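Scroll down for the structure; my scribbles are underneath it.
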Amino acid sequence: MKKFLNFIFSRMVIIGILILFQVSIIIWVIWRLSNYFLYFYVFCMLISIVAVIHLVSKNDNPSYKLAWSVPIMLFPLFGGLFYIIAGNNKNSKRFSGRLEKIFARTLPYLKQDEEIIKKVEEQDPHIGNQVKYIRRFSCYPIYENTITRYLSPGEEFFKVLVEELEKAKHFIFMEYFIIHEGKMWNTILEILERKVKEGVEVRVLYDDIGSLTTVPYKYNEMLNKKGIKCQVFNPFSPTINIILNNRDHRKITVIDGYVGFTGGMNLSDEYINEVVRFGHWKDAMILLKGEAVWNLTMMFLQTWDFVGDLFEEYDMYRPEVHHPEPFETDGFVQPYGDSPLDHETVGENVYLNLLYKAKKYVYICTPYLIVDNEMVTALSLAAKSGVDIKIITPHKEDKWYVHILTRSYYEQLIKVGIKIYEYTPGFIHSKTFVCDDEIGIVGSINMDYRSLYLHFECGTWLYKTSTVAAIKQDFEDTLKVCQRITLAECKQVSLWKRLVRSILRLFAPLM
């Protein structure tokens with residue numbers, strides 16, 4: 036009973052009720068006015084027509100445009116007005132303006148050593164082009180003088196994270212989508228509190244919706260009282276506004292400027308299998324030590340300044356400030372970020388680039404496989420060209436409707452020669468690509484619309500590092516406990532489930 040009451044009076048439920056109340060008022064007002072005023076009805080119809088024309092003419096993702104156009108045309112009395120209120124991203128322009136100023140201000144701090152790009156181009160011009168694309172459109176350079184370590188599953192990451200946090204002497208930055216009170220976070224928090232007392236600067240940034248039900252309301256104020264500087268990204272408010280879709284889905288830790296972690300893991304007990312929710316949880320992170328950590332530091336500081344509307348000195352957080360000795364080299368490393376407000380789908384384009392340039396194989400781990408036409412085309416063309424494409428997805432879902440959507444793509448992909456596997460022990464949350472024994476990607480970027488178009492994300496692009504082999508080995512080891520999905524299994528789906536899949540696929544970009 037206590038859990039039920041806590042849920043009923045939780046912030047999520049209260050705000051949800053307030054939003055539903057706003058929606059109900061809008062529907063009621065429109066409905067009442069349409070009963071009495073023919074002109075108002077005609078006016079709403081015209082708005083819906085204009086909304087659809089506006090949607091079609093926008094330089095936007097076709098799936099997103101279709102997902103809005105269908106409900107507008109099905110419910111023309113309400114659809115156009117709802118699109119204006121919730122779908123036409125007016126407030127994003129204000130957010131975009133602030134973000135552009137921060138990027139412009141920080142761009143001089145992200146200078147590329149052109150000699151490194153030349154080295155990559157000498158080895159493979161096509162890969163050099165991928166590097167230049169990431170550099171040009173995400174603004175983050177590629178580095179040598181960095182060593183990497185692949186960490187999977189989550190228990191391995193947690194152990195190494197604790198070891199590195201204990202070594203911190205100057206500053207710790209942590210940016211995560213979810214912070215959840217429990218063994219993992221409580222262990223980290225105890226270290227952070229102790230480090231603050233030792234004079235270490237500690238900053239924590241978490242996403243409000245990601246952590247809506249996992250930490251108390253105004254948890255940031257509680258952390259600030261402990262001496263931990265804390266901010267909340269895009270606070271959840273009871274207003275109908277599409278900007279709420281733009282979440283900070285990144286996972287970043289930076290320690291003293293030259294040690295960094297990123298990948299798929301949040302700070303919650305299921306990620307280290309301390310709590311079992313969907314069977315065994317498998318995830319992946321990567322540890323960086325060296326110059327490339329600067330990109331992660333700048334991603335954090337850009338977001339920190341964006342949230343707090345701040346401007347600070349960045350040079351004091353450079354890798355060499357607290358590590359004047361030369362760094363070791365392990366291939367080429369390029370951490371990069373993606374923003375939904377810069378009109379460039381860097382996360383998706385990096386994946387597409389890799390698929391189009393692959394020669395032998397591409398092995399992919401993703402918890403969600405909700406792909407648009409561009410990604411389906413790239414995957415299919417690579418497979419048809421003889422590239423060995425293997426994809427691992429979860430067998431046990433965390434969200435039933437997302438799992439239905441993921442499985443809805445199996446048949447068309449298997450038909451073109453792509454091999455699909457499900458991780459039978461439970462839920463695989465890793466977001467990894469490995470290609471041709473040369474390229475690897477570890478990051479927070481799922482293969483779904485939310486990650487590719489709506490969220491702030493990050494990844495690390497690896498070329499000829501030791502971790503490329505480690506990612507491949509982990510993939511092959513994981514295959515041993517996976518079930519390969521056959522075309523016959525895909526066809527053994529009831530008519531009712533096919534109908535549900537079709538409807539969900541239509542509205543996938545809005546979920």
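Numbering of the sequence shown is given in the working numbering, commencing with residue 36 and proceeding in unit increments.
Built from N, CA and C at the ideal position, the CB exists for glycine as well.
None of these values were measured; they are calculated from a predicted model.
Extent of the continuous alpha helix (DSSP H) to which residue i belongs
i	result
Ile213	Looking at the DSSP string, Ile213 is not in any alpha helix (DSSP H), and its letter there is neither H nor E.
Thr338	328–343
Met410	408–419
Phe193	189–202
Glu383	381–392
Gln266	Careful: Gln266 lies outside any alpha helix (DSSP H), inside the beta strand (DSSP E) at 264–268.
Collapsed DSSP secondary structure at residue i in the structure displayed
i	result
Val477	strand
Ile223	helix
Lys515	coil
Phe130	helix
Val469	strand
Lys153	helix
Cys525	helix
Thr557	No information on residue 557 is available, as it lies outside the stretch 36 to 546 that the chain covers here.
Pro359	coil
Ile111	Per the sequence shown, the amino acid found at residue 111 is Pro instead of Ile. Residue state, collapsed to three classes: helix.
His461	Before going on, a small fix: residue 461 reads as Gly here, not His. In this structure, Gly461 counts as strand in the three-state DSSP scheme.
Glu256	helix
Ile520	coil
Leu247	coil
Gly452	coil
Tyr398	strand
Asn286	In the sequence as presented, Asn is not what sits at residue 286; that position holds Lys. Lys286: strand per DSSP, three-state reduction.
His315	strand
Arg238	strand
Tyr444	coil
Lys136	helix
Leu145	coil
Gly163	helix
Pro354	helix
Leu323	strand
Tyr488	helix
Tyr118	helix
Alpha carbon of residue i to alpha carbon of residue j, nearest angstrom
i	j	result
Asn126	Gly132	Residue confidence for Asn126 is low, a pLDDT of 47 falling below 50, so the modelled location carries little weight and cannot support an answer.
Asn134	Gln369	Per the sequence shown, the amino acid found at residue 134 is Leu instead of Asn. Cα to Cα, the separation comes out at about 21 Å.
Ile290	Val87	49 Å
Trp29	Phe341	Shown here, the chain extends from 36 to 546; a query on residue 29 therefore has no answer.
His490	Asp407	16 Å
Thr401	Asn481	6 Å
Arg129	Tyr118	18 Å
Tyr488	Tyr386	13 Å
Ile399	Ser104	32 Å
Arg193	Lys154	Reading off the sequence, residue 193 comes out as Phe, not Arg. Taking the straight line from one Cα to the other gives about 35 Å.
Tyr189	Val195	Residue 189 is actually Gly in this sequence, not Tyr. Their Cα atoms are separated by approximately 10 Å.
Val197	Leu389	33 Å
Glu210	Val328	14 Å
Thr183	Thr502	6 Å
Asn281	His464	20 Å
Leu186	Lys466	12 Å
Glu347	Leu448	48 Å
Gly114	Ala505	50 Å
Thr141	Asp350	11 Å
Tyr306	Pro111	44 Å
Leu248	Thr412	Here the sequence assigns Thr to residue 248, which means Leu is not the residue at that position. Those two C-alpha atoms are separated by around 38 Å.
Leu227	Ser303	16 Å
Boundaries of the beta strand (DSSP E) in which residue i is found, first to last residue
i	result
Lys425	423–429
Glu183	Here the sequence assigns Thr to residue 183, which means Glu is not the residue at that position. Thr183 -> beta strand (DSSP E) spans 181–186.
Gly494	492–498
Asp373	367–373
Inter-residue CB distance, residue i and residue j (contact presumed, cutoff 8 Å)
i	j	result
Gln337	Phe138	7 Å
Asn301	Lys286	6 Å
Tyr241	Ile214	5 Å
Cys493	Met333	Wrong, their Cβ atoms sit about 11 Å apart, outside the cutoff.
Val310	Gly372	Val310 to Gly372, Cβ: 30 Å. No contact.
Thr364	Glu524	Contact flag wrong, Cβ pair sits at about 46 Å.
Arg238	Lys264	4 Å
Tyr396	Phe206	Actually they are not in contact, since the Cβ atoms of Tyr396 and Phe206 sit about 40 Å apart, beyond 8 Å.
- prompt: Can at least three beta-carbon pairs, one atom from the stretch 147–156 and one from the stretch 175–182, be found at a separation below 8 Å?
  reply: Judged by pairs of C-beta atoms under 8 Å, the stretch 147–156 touches the stretch 175–182, as three or more such pairs exist.
message: Tell me whether the stretch 453–465 and the stretch 514–525 touch, counting them as touching only if at least three CB pairs, one residue from each stretch, are closer than 8 Å.
response: As far as the Cβ criterion goes, the stretch 453–465 touches the stretch 514–525, which means the pair count is three or higher.
message: Pairs of beta-carbons, one from the stretch 354–362 and one from the stretch 372–382, closer than 8 Å: are there three or more?
response: Counting Cβ pairs under 8 Å, fewer than three are found: no touch.
- request: Check whether the stretch 315–325 touches the stretch 283–301, taking contact to mean three or more Cβ pairs, one atom from each stretch, closer than 8 Å.
  value: Three or more beta-carbon pairs separated by less than 8 Å link the stretch 315–325 to the stretch 283–301, which places the two stretches in contact.
message: So, does the stretch 405–421 touch the stretch 492–504, judging by three or more C-beta pairs under 8 Å?
response: Touching, no.
- request: Count the C-beta pairs between the stretch 426–444 and the stretch 532–540 that are closer than 8 Å, then say yes if the count reaches three, no if not.
  value: Contact holds: three or more Cβ-Cβ distances are below 8 Å.
message: Whether or not the stretch 467–480 and the stretch 429–441 are in contact is what I'm after, with contact meaning three or more pairs of Cβ atoms, one per stretch, closer than 8 Å; do they touch?
response: Here the stretch 429–441 makes no contact with the stretch 467–480; the two share fewer than three CB pairs at distances below 8 Å.
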